[in-house]
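Remarks on the structure that follows.
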Amino acid sequence: MGRLSGVSLLALLRRNGPSGFGFASTAEEVTAGVDLRGRVALVTGSTSGLGRESARALALRGARVLMLARDEARARAAIATLRAALGDGPTLTPIACDLGEPASVRACLERLLRLELPIDIVLGNAGIMALPRAVTRHGLELQFLTNHVGHFMLVTGLLGRLTARARVVMVSSSAHAQTPPGGVQLDNLDGGRDYHRWRFYGQSKLANLLFARELATRLRPGQTANAVHPGVINTRLSRHMPIGTGLALALAGPIGLKSVAQGAATQCYVAAHPDAAGVTGEYWYDCNVQESSALGRDRQLAAELWARTEALVAGL
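Written out as structure tokens, the structure reads:
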């Protein structure tokens, strides 16, 4: 078989799937014609990159967006940026929520519960990636704490506020297949043994996927939980990468990388498109259901992780 040219490879990557969307689809395209007026969407990591673009796309379709960020000032700055693009029509609410600090997550939950808003969409988008050394907070490696435990606390704390047709979307990654031995090292969650930046990032993304799988079995009929791989996008998430890796990403951009608008498409499709309603417990990328790694389908590991995370949260 001859080699694929850059042009033909790009055409192959951008072929649409059964949903009618694919690699090159944007968040705005996948939500075109979707009416979210009267709906409330919560987006973590909403100040930049995929989170801000997702918030913009959902607000553009009429949703009230609760914009969560590490502090309220960051959220307000992001809202000011979106106002320049969207005008004064959408309701955008800034809320502080540092997912790496349990006290901040609990304060966020208290505020959300005081608002007494029914929540239709929860988009767990925030994350940190590939920390060069093991950073421990509250006895947990920081990627696992922020990417998984913080989201677990937030989402489970909001279950009573979810509407009958609510959708929970967790941003995982294809990196969920690159983990320490066993997938999630439940006996090494502080990263004190054999830390590797990519494997521990993969562990946190596998945890996001397994959380969505297990949550899907616990939600009420009509509610859904799914995980997505957004693709490879050169955003601030890559700021901890070695210089050479960052340069490679920049050079790969014209062929293999998605734009931010394209990267936000899958999570917006799963969160809002009518054709995704009722689909639950799945792994998506390029706006279509795909098969994850075997670890990502390990129901026993998902149940064990849920139980362990509940115990961790009780002790934080």
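So for the sequence shown, my numbering puts the first residue at -10; every next one is plus one.
The beta-carbon is built from N, C-alpha and C at its ideal position, and this holds for glycine as well.
Quick caveat: nothing in here was measured; it's all calculated off a predicted structure.
Grouping DSSP H, G and I as helix and E and B as strand, with all else coil, what is residue 309? With the chain covering only -10 through 305, there is no way to say anything about residue 309.
C-alpha distance - residue 294 paired with residue 73, whole-angstrom precision: Straight across, the Cα-Cα distance linking residue 294 with residue 73 is about 42 Å.
From residue 286 to residue 200, what distance separates their C-alpha atoms? Inter-residue distance for residue 286 and residue 200 is about 11 Å (C-alpha atoms, whole angstroms).
What are the partner residues of residue 130, as DSSP defines its beta bridges? DSSP output for residue 130 lists 125 as bridge partner(s).
Taking the straight line between their C-alpha atoms, what separation do you get for residue 75 and residue 49? Near 7 Å, if we compare the C-alpha coordinates of residue 49 and residue 75.
If we cut at 7 Å on Cβ distances, does residue 96 have a partner in chain B? Although the question refers to chain B, the structure presented lacks it and comprises just one protein chain.
Limits of the unbroken beta strand (DSSP E) element including residue 159: Its beta strand (DSSP E) spans residues 151 to 160.
Let me know the secondary structure DSSP gives residue 208 once reduced to three states. Reduced to three states, the DSSP call for residue 208 is coil.
Spell out the partners DSSP gives residue 265 in its beta bridges. Residue pairing by DSSP places residue 265 opposite no residue, since no beta bridge is assigned to it.
Using three-state DSSP, classify residue 19 as helix, strand or coil. In the structure shown, residue 19 sits in a helix (DSSP, three-state: H, G or I).
Do the region 183 to 198 and the region 250 to 262 meet, that is, are 3 or more Cβ pairs less than 8 Å apart? No, the region 183 to 198 is not in contact with the region 250 to 262.
Of the listed residues 24, 19 and 117, nearest to residue 38 (C-alpha basis): Nearest option by C-alpha distance: 117.
Could you give the residue range of the alpha helix (DSSP H) that holds residue 38? Boundaries of the alpha helix (DSSP H) harbouring residue 38: 38 to 49, taken from the DSSP string.
Please go through the same chain and pick out, in chain order, the residues whose beta-carbon is closer than 7 Å to the beta-carbon of residue 279, but skip the five residues on each side of it. Result list for residue 279: 272 and 273, in chain order.
Is it buried or exposed, residue 80, if we count other Cβ atoms within 10 angstroms and call 16 or more buried? With fewer than 16 other Cβ atoms inside 10 Å of its own Cβ, residue 80 counts as exposed.
Could you check what DSSP says for residue 83 in three-state terms: helix, strand or coil? Residue 83: strand per DSSP, three-state reduction.
Boundaries (first-last residue) of the alpha helix (DSSP H) holding residue 140: Here the alpha helix (DSSP H) through residue 140 covers 139 to 146.
Provide the residue span of the alpha helix (DSSP H) that contains residue 314, from first to last. Here the chain comprises residues numbered -10 to 305, so residue 314 is not present and cannot be evaluated.
Three-state secondary structure (DSSP) at residue 253? Per DSSP, reduced to three states, the secondary structure at residue 253 is coil, with no helix or strand assignment.
What's the gap between the Cα of residue 55 and the Cα of residue 29? As the crow flies, the alpha-carbon of residue 55 is around 7 Å from that of residue 29.
Return the residue from the list 119, 212, 24 and 59 that minimises the CA-CA distance to residue 108. It is 212.
Can you tell me the Cα-Cα spacing of residue 86 and residue 9, whole angstroms? So the alpha carbons of these two residues sit roughly 35 Å apart.
6 Å Cβ shell around residue 194 - same chain, five flanking residues per side excluded: Scanning its chain for C-beta atoms nearer than 6 Å, with the 5 sequence neighbours on each side dropped, one finds around residue 194 the residues 161, 162, 164 and 165, in chain order.
Compute the distance between the beta-carbons of residue 43 and residue 214, then report whether it is under 7 Å. Taking 7 Å as the Cβ cut-off, residue 43 and residue 214 do not qualify as a contacting pair.
How close, in whole Å, do the beta carbons of residue 196 and residue 137 come, if the pair is a contact with beta carbons under 8 Å? At roughly 4 Å, the Cβ-Cβ gap stays under 8 Å, so residue 196 and residue 137 are in contact.
Give every residue of the same chain whose Cβ lies closer than 7 Å to the Cβ of residue 246, excluding the five residues on either side of it in the sequence, and list them in chain order. Excluding positions up to five away in sequence, the list reads 221, 222, 223 and 238.
Among all the DSSP beta bridges, which residues are the ones paired with residue 273? For residue 273, which the question treats as bridged, DSSP gives the partners 217 and 278.
Rounded C-alpha distance that separates residue 189 from residue 198: As the crow flies, the alpha-carbon of residue 189 is around 14 Å from that of residue 198.
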